[in-house]
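A short worksheet on the structure shown next.
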Amino acid sequence: MGDSGKAKPVHRTAISIDVFESADSQALKDFLERRRRILSPLSRNSPLSAQHSSGGRPLSGPIFTWTVFAGNGRSIASSAELFSNEISAERSAITTMASVDDIDVLRVRAHSAPMHAWAMNVDGVPRLIALRYFTTVRLRDRNAASVLAALHDGMVVPPGDGPPHQRMPPPLSPRRITDDLLAEVAGPLKVRGEGRPIRPILRSYISQPVRSRIRTDRDGS
Numbered sequence: 218m219g220d221s222g223k224a225k226p227v228h229r230t231a232i233s234i235d236v237f238e239s240a241d242s243q244a245l246k247d248f249l250e251r252r253r254r255i256l257s258p259l260s261r262n263s264p265l266s267a268q269h270s271s272g273g274r275p276l277s278g279p280i281f282t283w284t285v286f287a288g289n290g291r292s293i294a295s296s297a298e299l300f301s302n303e304i305s306a307e308r309s310a311i312t313t314m315a316s317v318d319d320i321d322v323l324r325v326r327a328h329s330a331p332m333h334a335w336a337m338n339v340d341g342v343p344r345l346i347a348l349r350y351f352t353t354v355r356l357r358d359r360n361a362a363s364v365l366a367a368l369h370d371g372m373v374v375p376p377g378d379g380p381p382h383q384r385m386p387p388p389l390s391p392r393r394i395t396d397d398l399l400a401e402v403a404g405p406l407k408v409r410g411e412g413r414p415i416r417p418i419l420r421s422y423i424s425q426p427v428r429s430r431i432r433t434d435r436d437g438s
């Protein structure tokens, strides 16, 4: 979780506001590289671009992001955006949760294994990215479904050692990961042995080789 020390205990689905104390931190560089790998196929196929609040200026610390946690305390997604302060990060998390039913899930496919990832957009802007690439389409789709379910019943956890607290509109009803929810993010697959395929509703993007440069994320955002 950035450089903020030990992960805070999470006992329900939650959004954690995280902070990187320095733009030179290895944790931030790893975040930017993952972000570049997932979002670069999207930028080549559409005008979509993730934003960061530095307005195109070189990144400097502290830098904030947010992370989605499942009810078992496992991190399952992170924001695609970078923020210069906690308030902006929190506002992005809250508005994303409020827009969960309008989220577009975009599938990303790399040329080498593990090759399956996803990004989630709101109004054409990437708001969430997968924490990693997955070995199978099924694992990728289930992870995306878990994130959507968590966004329906989460709370914002600020940085620091204070206890989690609610700072958002009344939460939406809890949403279990059902076959119907998987159908919203899945490609053509069959569920639990049923004979009918699920209708694909997503766009897919195949990544091309891109030079690995952290600067690409900062300049291309």
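Per the numbering used here, the sequence shown runs over residues 218 to 438.
Every residue gets a Cβ at the ideal spot worked out from N, C-alpha and C, and that includes glycine.
DSSP state of residue i mapped onto helix, strand, coil
{"i": "I346", "result": "strand"}
{"i": "S301", "result": "coil"}
{"i": "D241", "result": "coil"}
{"i": "S233", "result": "strand"}
Spatial neighbours of residue i in its chain, beta-carbon cut-off 8 Å, leaving aside the 5 residues before and after
{"i": "V339", "result": "T312, T313, S316, D319, I320 and D321"}
{"i": "V364", "result": "V285, I293, A294, M337 and L345"}
{"i": "D247", "result": "none"}
Enclosing beta strand (DSSP E) for residue i [first to last residue]
{"i": "I320", "result": "No beta strand (DSSP E) holds I320; DSSP gives it neither H nor E."}
{"i": "A334", "result": "H333 to V339"}
{"i": "A294", "result": "S292 to S296"}
Selection from the options that minimises the alpha carbon distance to residue i
{"i": "I232", "options": "R349, V342 and S296", "result": "S296"}
{"i": "I346", "options": "L356, A294 and K246", "result": "A294"}
{"i": "H369", "options": "A310, E303 and F281", "result": "A310"}
{"i": "A306", "options": "R344, A330 and F286", "result": "R344"}
{"i": "V374", "options": "L249, K246, A362 and F281", "result": "F281"}
{"i": "N360", "options": "S301, A330, V285 and E250", "result": "V285"}
{"i": "T353", "options": "G371, S329 and M372", "result": "S329"}
{"i": "L259", "options": "F300, V364, G288 and V342", "result": "V342"}
{"i": "A367", "options": "G288, R355 and F300", "result": "G288"}
7 Å Cβ shell around residue i - same chain, five flanking residues per side excluded
{"i": "L348", "result": "S292, I293, A294 and S295"}
{"i": "M332", "result": "R326 and Y350"}
{"i": "N302", "result": "F281"}
Residues near residue i in its chain [Cβ-Cβ closer than 6 Å; skip 5 each side]
{"i": "A334", "result": "I255, V325, A347 and Y350"}
{"i": "W161", "result": "Because the chain here runs from 218 to 438, residue 161 falls outside it and cannot be looked at."}
{"i": "V402", "result": "At V402 the pLDDT is 49, less than 50, meaning the model places this residue with poor confidence and gives no usable figure here."}
TODO: Enumerate, from N- to C-terminal direction, the unbroken alpha helix (DSSP H) stretches of 4 or more residues contained entirely within the region 350–380.
DONE: Scanning the region 350–380 from its first residue to its last, the whole alpha helix (DSSP H) runs of 4-plus residues come out as 354–368.
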